[in-house]
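I have placed the structure first, in the form of structure tokens, so that the comments after it can refer back to it.
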Amino acid sequence: MLQGLQDARKELPSKYFYDEVGSQLFEQICELDEYYPTRTELSIMQVKMPEIVSLLGPQCLLIEYGSGSSTKIRMLLDALRDPAGYVPIDIAKDQLLRSAAALATAYPLLEVLPVCADYTSDFALPSPTKPVSQRIAYFPGSTIGNFDREPAKRFLQQIARSCQGGGLLIGVDLKKDFNILHRAYNDSQGLTAQFNKHLLARMNQELDANFQLNQFGHYAFYNPGQSRIEMHLVSLKNQTVRIGDIEIAFKLGESIWTESSYKYTVEEFAHLAATAGFTVDRMWTDPRELFSVQYLKVV
Ligand code: AVI
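Each residue of the sequence shown is one higher than the last, beginning at 26 in the numbering used here.
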């Protein structure tokens with residue numbers, strides 16, 4: 026965090042949003058009228074479920090990257106025929122173990138094999154006792170959009186290596202009217218602003234910092250040249266903030282870049298997938314073409 030704040034262009038990694046409180050805030054965002062991705066993705070999955078089930082086939086091993094509360098996976102588990110197992114991967118250990126236990130109770134025939142890891146790092150995948158027809162990675166929510174281009178490619182390559190002979194079911198947010206994007210990241214209830222400022226609140230609590238939350242403004246906009254939403258926290262005055270013993274100066278209007286959320290055309294994503302060793306086997310979208318669910322096969 027200190028390194029990011031001491032850079033000439035201040036920047037913090039968005040993965041730190043997701044502690045218990047941050048994850049709850051994000052779940053509330055997902056229910057907002059203005060935040061279309063979650064609702065749209067689930068509706069696509071619902072409509073296309075018979076096709077998804079026949080593509081994945083019986084006895085597949087489902088591997089979810091960043092499983093969080095493991096809610097979306099239930100839709101797949103309810104529909105799939107005799108899955109060989111479910112491997113939820115998440116860095117937040119308490120939530121991971123809680124959700125894994127709840128799933129094991131809800132699906133008594135399913136072998137649940139949780140892995141506590143940063144899913145972009147190198148880690149070993151567990152093997153279930155049942156025979157596995159193919160390994161299927163699941164990465165919903167357009168979280169791939171929170172990766173810059175090179176890290177996105179590296180991460181997809183890592184999945185391709187882990188799922189040889191199998192595939193990846195992924196949610197990808199699409200390019201659209203920037204007004205829709207603007208509303209989704211500047212909601213009227215101010216939840217996204219609260220989510221953004223949660224990074225400062227965490228630093229106050231966990232790193233002995235003294236950010237005044239009302240002296241920073243939530244600023245999110247679509248950058249068309251880079252095809253991404255950029256989320257920033259902008260200093261509302263000249264101020265000095267202390268983190269432990271270290272002082273960080275902010276000028277009026279200076280920003281901390283807290284998140285990017287890239288948006289793709291269908292063609293752009295197919296190109297990214299191809300550079301990472303996948304082909305797009307199926308691409309489904311909603312009637313307004315806001316969001317896509319894609320089934321990629323490892324080449
Ligand atoms: C998790 N991720 C896909 C969300 C997004 O839309 O980029 C995070 C988010 N940030 C602000 N609102 C939602």
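Here a beta-carbon is modelled for each residue, glycine too, at the ideal position from N, C-alpha and C. A quick note: this is a predicted structure, and the numbers were derived from the prediction, not measured.
Exercise. Thinking C-alpha only, which one of LEU216, LEU258, ASN221 and LEU261 is nearest LEU57?
Worked result: Looking at the Cα atoms, LEU216 is the closest of the given residues.
Exercise. Going by the C-beta, is GLY242 closer than 7 Å to any heavy atom of ligand 1?
Worked result: no
For this session: Return the first residue and the last residue of the beta strand (DSSP E) that ILE72 is part of.
Result: Here the sequence assigns Val to residue 72, which means Ile is not the residue at that position. Looking at the DSSP string, VAL72 is not in any beta strand (DSSP E); the run it does join, the alpha helix (DSSP H), is 61 to 81.
Exercise. Quick one: is the Cβ of PRO62 within less than 7 Å of any heavy atom of ligand 1?
Worked result: yes
Exercise. Name the DSSP bridge partner or partners of MET256?
Worked result: MET256 pairs with ALA245 and GLU284.
For this session: Work out the CA separation of ALA209 and ALA234 for me, nearest whole Å.
Result: 30 Å
Problem set entry | Bounding residues of the beta strand (DSSP E) (the contiguous stretch that carries LEU321) | 316 to 323
For this session: State yes or no: is the C-beta of ILE54 nearer than 7 Å to some heavy atom of ligand 1?
Result: yes
Exercise. Relative to the alpha-carbon of GLY91, which residue among VAL323, LYS201, GLY196 and ARG307 has its alpha-carbon at the smallest distance?
Worked result: GLY196
For this session: State yes or no: is the C-beta of LEU193 within less than 8 Å of the C-beta of PHE303?
Result: yes
For this session: Flag PRO83 as yes if its beta-carbon sits less than 8 Å from any beta-carbon of chain C, otherwise no.
Result: Judged by its chain identifiers, the structure shown contains no chain C, having just a single protein chain.
Exercise. Okay, do the region 159 to 166 and the region 89 to 109 touch, 3+ Cβ pairs below 8 Å being the bar?
Worked result: yes
Exercise. For the candidate residues ILE116, PRO75 and GLN159, whose alpha-carbon lies nearest to that of CYS141?
Worked result: When only C-alpha atoms are compared, the closest one is ILE116.
For this session: Enumerate in chain order the residues of its own chain whose CB-to-CB distance from GLY269 is below 8 Å, with the five nearest sequence positions on each side excluded.
Result: LEU232, ASP233 and ALA234
Exercise. What residues are listed by DSSP as bridge partners for GLY196?
Worked result: VAL318
Exercise. What span of residues does the alpha helix (DSSP H) with ARG227 cover, start to end?
Worked result: 216 to 231
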